[in-house]
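Contents: one structure, followed by commentary.
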Amino acid sequence: MLSNMLRTHYTNQISPQEIGEGEQIKVAGWVYEVRDLGGICFVVVRDREGKAQVTLVKKKTDSELFDFSRKLIREAVISVTGTVKPSDKAPNGFEIIPSEINLLNNADSPLPMDTTGKVEAELDTRLDARYIDLRKPKTNAIFRIRHEVLRSVRDFLTCNGFIETTTPKVVATATEGGTSLFPITYFMTEAFLNQSPQLFKQILMSSGMDNVFEIGPIFRAEEHDTRRHLNEATSIDIESSFSDHYDVMQILEDMLSQVYLNVKQNCESQLDVLDLDLEVPKTPFLKLKYEEAINIVNSESDEELEWGEDLGTIAENLVGQDVFERTGQSHYFIIDWPTEIKPFYAMGYEDNAEISKSFDLMHRRMELASGAQRVHEYDILKNRIEAKGLNPDNFDFYLDAFRYGMPPHSGWGVGCERLLMTMTEVDNIRDVVLFPRDRRRLSP
RNA sequence: GUUCGGAUAGUGUAGUGGCCUAUCAUGGAGCCCUGUCGAGGCUCCGACUCGGGUUCAAAUCCCGGUCCGAACGCCA
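To get the working numbering, take the position in the first sequence, counting from 1, and add 794.
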């Protein structure tokens, strides 16, 4: 508990049963609302954990304190010193009878938006004034859940023998191809912001670290313009030696299920604020072959998808809907993708190289993750790079790691924001990032 | 990038050619009010995205710019 001159308790730590009559407490936070009824005045103070009502009865209160309180401005920062009084008439069953209220810093008015939920604001308005938006209980709840998601991912992977790593975000060359990169100036040369930790994770497999994970930013310079894309996102990545794609799919589904469980258990009040009833996904997830997915699309729509084509948005939605109707589950894998439409490092099956040991983790609303067993043989990998039209010379730093003892390995990457937006049922990915970066937004 | 839609007080909105000195809510200022919890009552404050055009008359119709939203594409 934080305890200093200005605060002894968060608002959710105040319980009239535990705090003795006459005992002085201090809460600090923002003025949420002032309701001046004439002979009685209520000041609601909000902090990170909730709200508390400060009650001032005119006849029983110092007149200077009373007048000062009823003129407090919304969202000003105050510290309240007082005693706690149980009351059936007060929210949460108690109220604070103040002996002193300190104005620590005033707020201008009008505010850029309403913080009480009476008037909605558009996303753009909210993002422009994110510091105010985050004061709203709903927005705050999302980021408390985000914290719990990241915490439980770290916890789960650490408990399962994974070592946390951090790899460079400034790189010399394109990693996987397929997506555009942001060029930057790096002293006298050109460099890029990394699209994925993929190649570095794989190099670490040669190092003998065996099982690694990384939670970090990835950058994509695509000019996409949708509710589920960002140009800067957070990726949760693992790589695991001596594992095949089925091994790492199991880690992924177990992790996801554990994360949901932790959020359900540890974020009750936040889920309540967001009016969410979380359902913990049941493992193992359905593993649908790419070929079966194509068949579903072709039988349920006018589309005629050929084997070898990627699934578009409409196709993905059709499959997700079909799986949900059949199994009642939102999460499933699509496995055994054509090697041709997967990156060069995805390994083909020994008996049929046309099909790869790859998978996508899907939620019925969108793709959440992709992974594969990786090619670990130098010659094959080099050929695959060439076959994709990339220059192997640019990949020496990566390819060399495959020459001196690279174990077979597999891995995946989960889009942290997509995991969060499907979990919290928000419509726009920007809602789950504090300061989102998209094609149009670079500030704040 | 393509297609479609949109831009009105600080915020969210109503308003399809004259009834607009522009609606409502929220907010701000002030007054009244002793149990509010979206407090209530009264008074006041505050806006038509920009530029051009059509018309006796434009928030409203037309053209262009800027900005924004949605779907798709690309992608995770």
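Beta carbons are placed, not taken as given, at the ideal position from N, Cα and C, and that holds for glycine.
Where R1158 falls: helix, strand or coil (DSSP): If DSSP states are grouped into helix, strand and coil, R1158 belongs with coil.
V1208 versus Q989 - alpha carbon distance: 13 Å
Excluding sequence positions up to five away, which residues of its chain have a Cβ less than 8 Å from the Cβ of A884? Q847, T849
Cα-Cα separation, E984 to N1188: 14 Å
Could you give the distance in angstroms between the alpha-carbon of S1124 and the alpha-carbon of A1087? 15 Å
Nearest-angstrom Cα separation, counted from R1168 out to W1131: 14 Å
Just checking my contact of L951 with I895 at CB under 8 Å: how many whole Å lie between their CB atoms? In fact, because the Cβ distance is near 47 Å, the residues do not count as touching under 8 Å.
Decide yes or no for the touch test of the segment 1034–1051 against the segment 915–926: beta carbon pairs closer than 8 Å, at least 3 of them. Counting Cβ pairs under 8 Å, fewer than three are found: no touch.
According to DSSP, residues forming a beta bridge with Q996: Paired residues: none, contrary to the question.
Looking only at its own chain, which residues have a Cβ that is under 6 Å from the Cβ of N806, when we skip the five neighbours before and after it? E843, G844
With A1181 and A1140 assumed to form a contact (beta carbons below 8 Å), what rounded beta-carbon distance in angstroms separates them? Incorrect: roughly 12 Å between the Cβ atoms, too far for contact.
Assigned exposure category for W824 - 16 Cβ within 10 Å defines buried: Counting C-beta atoms within 10 angstroms of its own C-beta, W824 has 16 or more neighbours from the protein chains shown and is therefore classed as buried.
On the three-pair Cβ rule with 8 Å, is the segment 926–938 touching the segment 1067–1081? yes
CA-CA distance, V839 and I867? 11 Å
Hey, I1009 and L1050: beta-carbon distance below 9 Å or not? no
In this structure, what does DSSP give as the bridge partners for I1088? Bridge partners of I1088: none, in fact.
Can you tell me whether V1227 is buried or exposed? The criterion is at least 16 other CB atoms within 10 Å of its CB, across all chains shown. Using a 10 angstroms sphere on the CB of V1227, the tally of other CB atoms reaches 16 or more, which defines it as buried.
Our contact map puts S863 next to L898 with C-beta atoms below 8 Å; I'd like the distance itself, whole angstroms only. At roughly 15 Å, the Cβ-Cβ gap does not stay under 8 Å, so S863 and L898 are not in contact.
Look at the alpha carbon of D856 and the alpha carbon of I813, and state the distance between them as a whole number of angstroms. 24 Å
Would you decide whether V964 is buried or exposed? Buried here means 16 or more other CB atoms lie within 10 Å of its CB. exposed
Quick check: the Cα distance between M795 and S809, rounded to an integer number of angstroms? With a pLDDT of 41 at M795, under the threshold of 50, the modelled position of that residue is not reliable, and the figure given next carries that caveat. For M795 and S809, the gap between their C-alpha atoms comes out near 15 Å.
Taking just the CA atoms, how far does L1213 sit from D1028? The sequence shown places Thr at residue 1028, rather than the Asp named in the question. Between the alpha carbons of T1028 and L1213 lies a distance of about 10 Å.
Would you mind sorting S797 into buried or exposed? The rule is 16 or more other CB atoms within 10 Å of its CB. Below a pLDDT of 50, predicted positions are generally treated as unreliable, and S797, at 48, falls in that range; the measurement from the model is reported next regardless. The residue in question, S797, is exposed, as its Cβ has fewer than 16 Cβ neighbours within 10 Å.
Can you have a look at Y1084 and say buried or exposed, based on whether 16 or more other CB atoms are within 10 angstroms of its CB? Counting Cβ neighbours within 10 Å, Y1084 comes out buried, since at least 16 surround it.
Any contact between the segment 1047–1061 and the segment 1090–1103? By contact I mean 3 or more CB pairs, one from each, below 8 Å. no
Let me make sure I understand the geometry here. Which of Q992, P1137, R938, L998 has the alpha-carbon closest to that of E1148? P1137
Quick one: is K995 buried, meaning 16 or more other Cβ sit within 10 Å of its Cβ, or exposed? buried
Span of the alpha helix (DSSP H) around P931: 931–953
Contact check, L1239 vs Y1126, beta carbons under 9 Å: Outside the shown range of the chain (795 to 1238) lies residue 1239, about which nothing can therefore be said.
Have a look at the DSSP bridge pairing and note the partners of I891. T877
Among E1161, D1116, Y925, nearest to H1023 - alpha-carbon criterion: H1023 has its Cα closest to that of E1161, out of E1161, D1116, Y925.
Identify which residue in I1135, E889, R1234, M799 has its Cα closest to the Cα of N1025. The closest CA to that of N1025, considering only I1135, E889, R1234, M799, is found on R1234.
When you compare only the Cα positions, how much space is there between Q1282 and F1007? Residue 1282 lies beyond the residue range present for the chain, which begins at 795 and ends at 1238; the question has no answer from this structure.
Buried or exposed (CB count within 10 angstroms, at least 16 for buried), C953: So C953 ends up on the exposed side.
What residue does the alpha helix (DSSP H) around L1204 start on, and which one ends it? Going by the sequence as given, residue 1204 is Ser instead of Leu. Looking at the DSSP string, S1204 is not in any alpha helix (DSSP H); the run it does join, the beta strand (DSSP E), is 1203–1209.
Nearest to Y980 (by Cα), restricted to the options P904, A966, E1171, K820: A966
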